[in-house]
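S.K.:
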Amino acid sequence: MAYSWAISTRTSALSPAAALPGPRWVVACDLDQTLIYSRRSFRLPPGAVEPELVTVEHIDGEPAAFCTTGAAELIAKLHAAATLVPVTTRTRAQYERVDLGVRPRYAITTNGGHLLVDGRPDEAWAARIREQIATGARPLADVRAIAQRLAADGWVRVSRVADDLFVYLVAYERDGIPDLSGLAASLAADGWGLSAQGRKVYLVPAVLTKEAALAEVMRRAGPARLAAAGDSLLDAGMLAGADLAVRPAHGELDEHRWTHPNLRVTTAPGLHGGQELLEIIEAELATGHGPDR
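Take the sequence shown: its position 284, counting from 1, is numbered 286 in the working numbering, and each next residue is one higher.
(1) Buried or exposed, going by whether 16 or more other CB atoms sit within 10 Å of the CB of threonine 36?
(2) What are the boundary residues of the beta strand (DSSP E) that includes serine 183?
(3) Among Glu54, Asp120 and Leu33, which has the Cα closest to the Cα of threonine 91?
(4) Report the rounded CA-to-CA distance for valine 100 versus glycine 184, giving the unit in angstroms.
(5) Assign threonine 57 to one of three DSSP states: helix, strand, or coil.
(6) Give the secondary structure of glycine 195 by DSSP, where H, G and I count as helix, E and B as strand, and everything else as coil.
(7) My output table needs one value for valine 158: the three-state DSSP class, helix, strand or coil.
(8) Hey, how far is the Cα of alanine 208 from the Cα of tryptophan 194?
(9) Quick one: what's isoleucine 110 bridged to in DSSP?
(10) Bridge partners for alanine 229 per DSSP, in chain order?
(11) Just confirm the distance between the C-beta atoms of tyrosine 174 and arginine 159, as a whole number of angstroms; I'd bet it's less than 8 Å.
(12) Are the Cβ atoms of arginine 176 and arginine 201 separated by less than 8 Å?
(13) Taking Cβ positions, are alanine 270 and alanine 251 nearer each other than 8 Å?
(14) Looking at C-alpha atoms only, which residue of Arg107, Val104, Gln96 and Ala229 is the closest neighbour of aspartate 165?
(15) Is histidine 274 buried or exposed, if buried means 16 or more other CB atoms sit within 10 Å of its CB?
(16) Looking at the unbroken beta strand (DSSP E) that takes in valine 209, where does it start and where does it end?
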């Protein structure tokens, strides 16, 4: 079971894009367990032959994340045909370890805390976000102290602060994560949300969202339709604001049976689902028009 509170009820910051003229598309994709996968998240059927892989991340010289060769080819096609935007809760440093084989004009890291333009952070955007957090959420130091108390209970392997914006914990085992609903309710009253994804628990200011940063990208990119893909409730806002939303058949959104009128769900989970969702987006772009809103 995945625990998620105080995130799925947010209103999307994105405006519907289907009314905008022209066939241009922005394609916003979450990274981990949407586009790229560690070996423990492959979710291959028992006895299945491992597909041909492309390594997209190394940690200390060792391969850490992958996609299929088919997915890598589709990423290149989408980058050529549209404005491809990686959108991730990873910090800037963690994102910079990833090589998708293309160099996107825009990227969003730290759950919307950083907007990268041609690989460089937009300092004005970062300052705006920090101001919003300062006026709308309990101080980070207080939440970090809460995380340290959780870590003292023995189920937390790692506790980290991400770019001085939010806190995340990594459990030894997913089943070891306790019921955090009471904490989530308390945090929500102080402007924070809590989400558990696999072995990770995120404590994130409610104003710090992927969809807010993506709305800024859409403003700068000009008239375009939006396709978005993601697997967690931290992705729900950008999926809800998209003309075409796709989620894989696994992850937090799948466990909560999250749906939306323009949502499509892959038939396969895991690594194969990552390629399938790109196939769905590529096929929609190939039609030359967007879905009805």
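C-beta: ideal position from N, C-alpha, C; glycine also.
M.R.: Result, derived from the coordinates:
(1) With 16 or more neighbouring CB atoms inside 10 Å of its own CB, threonine 36 falls in the buried class.
(2) Note, serine 183: premise wrong, no beta strand (DSSP E); alpha helix (DSSP H) at 183-191.
(3) Of the candidates Glu54, Asp120 and Leu33, the one whose C-alpha sits nearest the C-alpha of threonine 91 is Leu33.
(4) Rounded to whole angstroms, valine 100 to glycine 184 spans 36 Å at the Cα level.
(5) In the structure shown, threonine 57 sits in a strand (DSSP, three-state: E or B).
(6) For glycine 195, the secondary structure class from DSSP, reduced to helix, strand or coil, is strand.
(7) In this structure, DSSP gives valine 158 an extended state, which the three-state scheme calls strand.
(8) Going by the C-alpha atoms only, they are around 5 Å apart.
(9) Its beta-bridge partners are Val89 and Leu117.
(10) Alanine 229 pairs with Val29 and Leu246.
(11) The Cβ separation is near 5 Å, so the contact holds.
(12) It is a contact, given that the beta carbons lie within the stated cut-off.
(13) Yes, these two residues count as a Cβ contact at 8 Å.
(14) When the alpha-carbon of aspartate 165 is set against those of Arg107, Val104, Gln96 and Ala229, the nearest one is in Gln96.
(15) When all chains shown are included, histidine 274 counts as buried.
(16) Run containing valine 209: none; DSSP gives neither H nor E here.
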